[in-house]
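Student: Line by line, the protein sequences give chains A and B. Going by my numbering, the residue at position 27 of the first sequence is 27; the numbering climbs one at a time, nothing skipped. Quick note: to get my numbering, add 1000 to the position in the second sequence (first position is 1). Ideal Cβ placement from N, Cα and C applies to all residues, glycine included. Every value quoted in this text rests on a predicted model; they were computed, and no experiment measured them.
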Amino acid sequence: MKWLIHLYPKKWRERYGDECLYILENKKLSFKEVVDLCINAMDARFLIFVEAMIHLDKKMRDVMLASLLNRFLIIGSALFLGTFGGYWLGTVTPSILELSPKLLLLIGVGLGLFIGYVIGVVRGIMRVVHVTQKKDVLLPTGKLKFDKSRH
Amino acid sequence: MNSFERFSEPVLFILISLAEGNKHGYAIMEDIEKCYAVKIGPGTLYGAISRMEKLKFIEAIPSKDRRKPYQITSAGRAYLQEKLREIDTVTQLGFKRLGLQ
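Below you can see the structure in the form of C-alpha cells.
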C-alpha cells in the first residue's frame, strides 16, 4: 500500500511523506482507509494548487486572467454546445446497454483523449507558473519579468 | 463549511490527544481509536495535521526519527478550550431540555 503516498503532491510528500509511510508500513489498511487516503490526496493537490494561485505574482495572475477572458468565447461556446448537445444526444441516442462494443470503445477513447487534454492544459499552466517563478519567459506578446526576490 | 471545519472532529480529537503529551501521528491514531472507539484514517489525520500546523495550533518537534512528534501550542490550547466550552454549553442545554438535569 506504500504506492498510495505517490497520490500526494511532491511538496506534501517532502513534509509528511516519511511519517505517513511509517503508518502505511505498520498498519493494515481497510478499504475505507484506502479511500480516505485517495480523497485526502486529491484534497492536498487541490489545496496546493489554490495556494499557488493565491501566491502568484499579480502580473502573472493578470496575464492568466486575460488569457482566460480571451478564451471565454471558446469555453462558453463549448459549454453551450456541450449542454444542449448532451441533452439532444440523451434524447435521441439509445441507452448504453444497446450500444455496440465498438462504439463504446470509440466513446471511451474519445473521453480518454479529452481528459488527457484537460490534464495536459492544467499541467502546462502549472509548469509556466513554476518556470516564471525562477526565470523570465519570452512570450509572443513580450518578455515576462517577475519579481524573484521572494523565491 | 470551510476547509478547516470539515476536519473539526479530528482536530478536536488530535488536540485532546496532544494535550496529554507530545505524540507522533501513529500514536495519535492509536490514542483516538482507544479513547473514542473511532477510527481516523491516515489521510484524514495528516489532512488535519497539515491544517493545524498552518494555523499554528500544533508544531512538529525536530527529530531524527521518521516519526515526528507533535506538540500543542498555546494557540491550540486556547482553541481547544473554546471549543470544549461550546460543546459543554450545548451538552448542558440538551440535558436540561431532556429533563435530565
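Using the three-state DSSP reduction, which class does A:P9 fall into: helix, strand or coil?
Tutor: Translated into the one-based positions of the first sequence, residue 9 of chain A becomes position 9. A:P9 falls in the coil class under three-state DSSP.
Student: In the region 16-66 of chain A, which residue ranges form an unbroken beta strand (DSSP E) of at least 3 residues, counting only runs that do not cross its ends?
Tutor: Segments of the beta strand (DSSP E) lying fully in the region 16-66 of chain A: there are none.
Student: Hey, would you say A:E51 sits closer than 8 Å to B:R1066, going by beta carbons?
Tutor: Here residue 51 of chain A refers to the residue found at position 51 of the first sequence. Here residue 1066 of chain B refers to the residue found at position 66 of the second sequence. No, Cβ-Cβ distance for A:E51 and B:R1066 is not below 8 Å.
Student: By DSSP, does B:Q1071 sit in helix, in strand, or in coil?
Tutor: The residue labelled residue 1071 of chain B in the question sits at position 71 within the second sequence. Here B:Q1071 sits in strand by DSSP.
Student: Among B:G1094, B:G1047, B:L1098, whose alpha-carbon lies nearest the alpha-carbon of B:E1009?
Tutor: Mapped onto the second sequence, residue 1009 of chain B falls at position 9. B:E1009 has its Cα closest to that of B:G1047, out of B:G1094, B:G1047, B:L1098.
Student: Ignore the nearest five residues each way along the sequence and tell me which others in B:M1001's own chain have a CB closer than 7 Å to its CB.
Tutor: Working through the second sequence from its first residue, we reach residue 1001 of chain B at position 1. The predicted position of B:M1001 is uncertain, since its pLDDT is 45 and thus under 50; no value can be drawn from it.
Student: Could you round the C-beta distance between B:P1069 and A:E33 to whole angstroms and report it? I think they count as a contact, below 8 Å.
Tutor: Start at 1 with the first residue of the second sequence, and residue 1069 of chain B comes out as number 69. Start at 1 with the first residue of the first sequence, and residue 33 of chain A comes out as number 33. Going by Cβ atoms, the distance from B:P1069 to A:E33 rounds to 22 Å, so no, they are not a contact pair.
Student: From the DSSP output, which residues share a beta bridge with B:K1023?
Tutor: By one-based count along the second sequence, residue 1023 of chain B stands at place 23. B:Y1070.
Student: Quick check on B:A1060: does DSSP put it in helix, strand or coil?
Tutor: Here the question's residue 1060 of chain B lines up with position 60 in the second sequence. In this structure, B:A1060 counts as strand in the three-state DSSP scheme.
Student: Please report the straight-line C-alpha distance between A:V63 and A:I115, rounded to a whole angstrom.
Tutor: Working through the first sequence from its first residue, we reach residue 63 of chain A at position 63. Working through the first sequence from its first residue, we reach residue 115 of chain A at position 115. Each residue's alpha carbon lies about 25 Å from the other.
Student: Spell out whether any CB of chain A is found under 8 Å from the CB atom of B:M1001.
Tutor: On the second sequence, residue 1001 of chain B is found 1 positions in, with the first residue counted as 1. Because B:M1001 sits at a pLDDT of 45, beneath the cut-off of 50, its placement in the model cannot be relied upon, and the point is left open.
Student: I'd like to know whether the C-beta of B:P1062 is nearer than 8 Å to at least one C-beta of chain A.
Tutor: As a first step, residue 1062 of chain B must be located in the second sequence, where it is residue number 62. Answer no: the Cβ-Cβ gap between B:P1062 and chain A never drops below 8 Å.
Student: According to a CB-to-CB cut-off of less than 7 Å, which residues of the region 1063-1075 of chain B neighbour chain A?
Tutor: Those residues of the region 1063-1075 of chain B that come within reach of chain A (Cβ to Cβ, closer than 7 Å) are R1066, R1067, K1068.
Student: Going straight from the alpha carbon of A:K27 to that of B:M1029, what length do you get?
Tutor: Within the first sequence, numbered from 1, the residue matching residue 27 of chain A stands at position 27. Within the second sequence, numbered from 1, the residue matching residue 1029 of chain B stands at position 29. Rounded to the nearest angstrom, the two C-alpha atoms are 11 Å apart.
Student: Could you check whether the Cβ of A:N70 sits closer than 8 Å to any Cβ belonging to chain B?
Tutor: Taking the first sequence and counting its residues from 1, the one referred to as residue 70 of chain A is at position 70. Chain B, which has no Cβ nearer than 8 Å to the Cβ of A:N70, makes this no.
Student: B:G1047 touches chain A at which residues, Cβ-Cβ below 8 Å?
Tutor: Working through the second sequence from its first residue, we reach residue 1047 of chain B at position 47. By Cβ distance, chain A contributes N40, D43, A44.
Student: Going by the beta-carbon positions, is the gap between A:K23 and B:Y1036 smaller than 8 Å?
Tutor: Translated into the one-based positions of the first sequence, residue 23 of chain A becomes position 23. Translated into the one-based positions of the second sequence, residue 1036 of chain B becomes position 36. First, the amino acid is wrong: residue 23 of chain A is Ile here, not Lys. Not closer than 8 Å, so no.
Student: In three-state terms, what does DSSP make of A:T93?
Tutor: Here residue 93 of chain A is taken as the residue at index 93 of the first sequence, counted from 1. In this structure, A:T93 counts as coil in the three-state DSSP scheme.
Student: With DSSP as the reference, label A:H151 as helix, strand or coil.
Tutor: Within the first sequence, numbered from 1, the residue matching residue 151 of chain A stands at position 151. Residue placement at A:H151 cannot be trusted, given a pLDDT of 48 that sits under 50; what the coordinates show is reported in the next sentence. Coil.
Student: What are the residues of the region 1024-1039 of chain B that lie near chain A, defined by any Cβ-Cβ distance shorter than 8 Å?
Tutor: Listed in sequence order: H1024, G1025, Y1026, M1029, K1039.
Student: Between B:I1049 and A:F72, what straight-line distance do the alpha-carbon atoms span, to the nearest angstrom?
Tutor: Sequence index remark: in the second sequence, residue 1049 of chain B carries index 49 (1-based). Sequence index remark: in the first sequence, residue 72 of chain A carries index 72 (1-based). So the alpha carbons of these two residues sit roughly 39 Å apart.
Student: Which of the three DSSP states is assigned to B:L1055 in this structure?
Tutor: On the second sequence, position 55 is the one that residue 1055 of chain B refers to. Coil, per DSSP.
Student: Over the uninterrupted alpha helix (DSSP H) stretch that includes A:I107, give me the two end residues.
Tutor: Within the first sequence, numbered from 1, the residue matching residue 107 of chain A stands at position 107. Here the alpha helix (DSSP H) through A:I107 covers 101-132.
Student: Can a CB atom of chain A be found closer than 8 Å to the CB of B:P1010?
Tutor: Here the question's residue 1010 of chain B lines up with position 10 in the second sequence. False, the Cβ-Cβ gap to chain A never drops below 8 Å.
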